[in-house]
Ligand code: PMP
């Protein structure tokens, strides 16, 4: 596939070469996979992307998840264009859109009584750690191994991306991790043991979970896990935090908490909460917990600090508000979910036809394709993730091959569908996957 890039993507190559001169690694996110080089995208609409060389791609990256309505959705863009014409991107004062967004989130997730808009999912997680400690007066936080909660010191700990080994954690002092603990995915016994051990030793402020499993379901959660974590949190007086950066509104307007029927104490938002527009993050929860952030400059008593110059700017709040309204009106999560079902079924048939050592599954519009080296391994087989060592190279190869056939994915292993993915788009994509799989 290198030959395809040399012949067809020279414009992107030139951009990427210059990017490497002025931007570390040539990319803005260390976790981006850009083999053999990043594609320079000049146009995005619905289910498709176009690069500077004129190639068109079916887009299953979907910017990493925020665009359930499809890319560059015109009705939302028009509202934002109008708002910017009226008051520019930010004023630092109150705007009615902030209230509209918070109220709408509450309507969809009744458990989120109060909401603060922030700049990113990473910031939402940082705020959740702080709120949990401020509210409970306890010290430790526990996360599930392999989960990605952004890149802040306290939770990047132990990040394991399937197939890529441990991420280098340079620049994080050991001291930053003293109060962070990890349990193996799905291991409730280990969670109970850690909660019990912490009880006499500072206590556990919060347990963080990605409700469909670490890395957006790359380690798929087992049935009943979230409800059992809820019970354990209640037993030990720890707050349960759902990181809904990916699942929030993508799984349904009620998020993962609606999907699983489990109520977290705090919910972290990102991505969809600004519909793909900048400054996409937030934290929500009960009145009681969220009031740790209630202090203004003149408030007395306990006050946890959170905020930022661009947090809750009217543009991001308008983007979130109109995105969520449109997602609800159009039934986008369910439509995107059906596209995910069709994609999974088609990929599954191809894997069977070529008898490849791959596994594919989906939770609605989140589709995972694991290209392991072992035939017929189940995702719940403990061997599955220990066996993934050789996958690092394979991910790059797959991602490159898919793009050369005109399908962009998240690192060759995760595919987000959107409302723009009609049956025709999915079938077109499957024909392209067929060409790659036939050559494996
Ligand atoms: N949590 C989860 C589950 C995520 O997937 C991400 C981003 N991919 C984050 C947190 C961090 O969000 P952001 O990139 O907006 O900082």
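Numbering (full-length UniProt numbering), first residue to last: 38 to 477. Glycine included, every Cβ here is placed at the ideal spot set by N, Cα and C. Note that the coordinates shown come from a computational prediction; the quantities given were computed from them, not determined experimentally.
Residue i, DSSP secondary structure in three states
{"i": "residue 79", "result": "strand"}
{"i": "residue 129", "result": "coil"}
{"i": "residue 290", "result": "coil"}
{"i": "residue 388", "result": "helix"}
{"i": "residue 180", "result": "strand"}
{"i": "residue 310", "result": "helix"}
{"i": "residue 372", "result": "helix"}
{"i": "residue 453", "result": "strand"}
{"i": "residue 346", "result": "coil"}
{"i": "residue 478", "result": "The requested residue 478 does not occur in the structure, where the chain is confined to residues 38 to 477."}
{"i": "residue 407", "result": "strand"}
{"i": "residue 299", "result": "coil"}
{"i": "residue 192", "result": "helix"}
{"i": "residue 162", "result": "helix"}
{"i": "residue 214", "result": "helix"}
{"i": "residue 305", "result": "strand"}
{"i": "residue 64", "result": "coil"}
{"i": "residue 393", "result": "coil"}
{"i": "residue 197", "result": "Confidence in residue 197 is poor, its pLDDT being 47 and thus under 50, which makes the residue's placement too unreliable to answer from."}
{"i": "residue 283", "result": "coil"}
{"i": "residue 447", "result": "strand"}
{"i": "residue 175", "result": "coil"}
{"i": "residue 442", "result": "coil"}
Where the beta strand (DSSP E) containing residue i begins and where it ends
{"i": "residue 146", "result": "Unbroken run through residue 146: none, as it is neither H nor E."}
{"i": "residue 399", "result": "396-400"}
{"i": "residue 151", "result": "151-155"}
{"i": "residue 88", "result": "85-88"}
{"i": "residue 38", "result": "Unbroken run through residue 38: none, as it is neither H nor E."}
{"i": "residue 280", "result": "276-280"}
{"i": "residue 322", "result": "318-322"}
Alpha helix (DSSP H) segment containing residue i, residue limits
{"i": "residue 329", "result": "No alpha helix (DSSP H) holds residue 329; DSSP gives it neither H nor E."}
{"i": "residue 269", "result": "262-273"}
{"i": "residue 463", "result": "460-476"}
{"i": "residue 361", "result": "351-367"}
{"i": "residue 50", "result": "47-59"}
Residue i at chain B interface by Cβ criterion, 8 Å
{"i": "residue 89", "result": "Here there is only one protein chain, and chain B is not present."}
Alpha helix (DSSP H) runs contained entirely in the stretch 91-126, provided each spans 4 or more residues: Counting whole runs of 4 or more residues, the stretch 91-126 contains the alpha helix (DSSP H) stretches 111-124.
task: State whether the stretch 441-461 contacts the stretch 101-116, with contact taken as three or more CB pairs (one from each stretch) at a distance under 8 Å.
output: Taking a cut-off of 8 Å on C-beta distances, the stretch 441-461 touches the stretch 101-116, as three or more cross pairs fall below it.
- request: Output the residue ranges of the beta strand (DSSP E) runs that lie fully inside the stretch 218-260 and measure 3 residues or longer, sorted by chain position.
  value: Correct list: 241-246.
message: Across the stretch 383-390 and the stretch 460-471, are there enough close Cβ pairs to call them in contact, namely three or more that are closer than 8 Å?
response: As far as the Cβ criterion goes, the stretch 383-390 touches the stretch 460-471, which means the pair count is three or higher.
- prompt: Using 8 Å as the Cβ pair cut-off and three pairs as the minimum, do the stretch 277-285 and the stretch 207-215 touch?
  reply: Flag = no, the stretch 277-285 and the stretch 207-215 do not touch.
message: Check whether the stretch 347-357 and the stretch 315-326 touch, using three or more Cβ-Cβ pairs below 8 Å as the test.
response: For the pair of segments examined, the stretch 347-357 was found to touch the stretch 315-326: the number of CB pairs separated by less than 8 Å reaches three.
query: Taking contact to mean at least 3 C-beta pairs separated by less than 8 Å, is the stretch 368-382 in contact with the stretch 141-160?
result: In short, these stretches do not touch, since the Cβ pair count stays below three.
task: Give a yes or no on contact between the stretch 263-275 and the stretch 305-313, applying the rule of three or more CB pairs nearer than 8 Å.
output: Counting Cβ pairs under 8 Å, fewer than three are found: no touch.
query: Would the stretch 69-87 and the stretch 51-58 be scored as touching if the rule is three or more Cβ pairs under 8 Å?
result: In short, these stretches touch, since the Cβ pair count reaches three.
message: Across the stretch 176-187 and the stretch 244-256, are there enough close Cβ pairs to call them in contact, namely three or more that are closer than 8 Å?
response: Taking a cut-off of 8 Å on C-beta distances, the stretch 176-187 touches the stretch 244-256, as three or more cross pairs fall below it.
- request: Check whether the stretch 287-301 touches the stretch 221-234, taking contact to mean three or more Cβ pairs, one atom from each stretch, closer than 8 Å.
  value: By the Cβ rule, the stretch 287-301 does not count as touching the stretch 221-234, because fewer than three pairs are nearer than 8 Å.
task: Take every Cβ of the stretch 155-168, pair it with every Cβ of the stretch 234-248, and state whether three or more of those distances are shorter than 8 Å.
output: Counting Cβ pairs under 8 Å, three or more are found: they touch.
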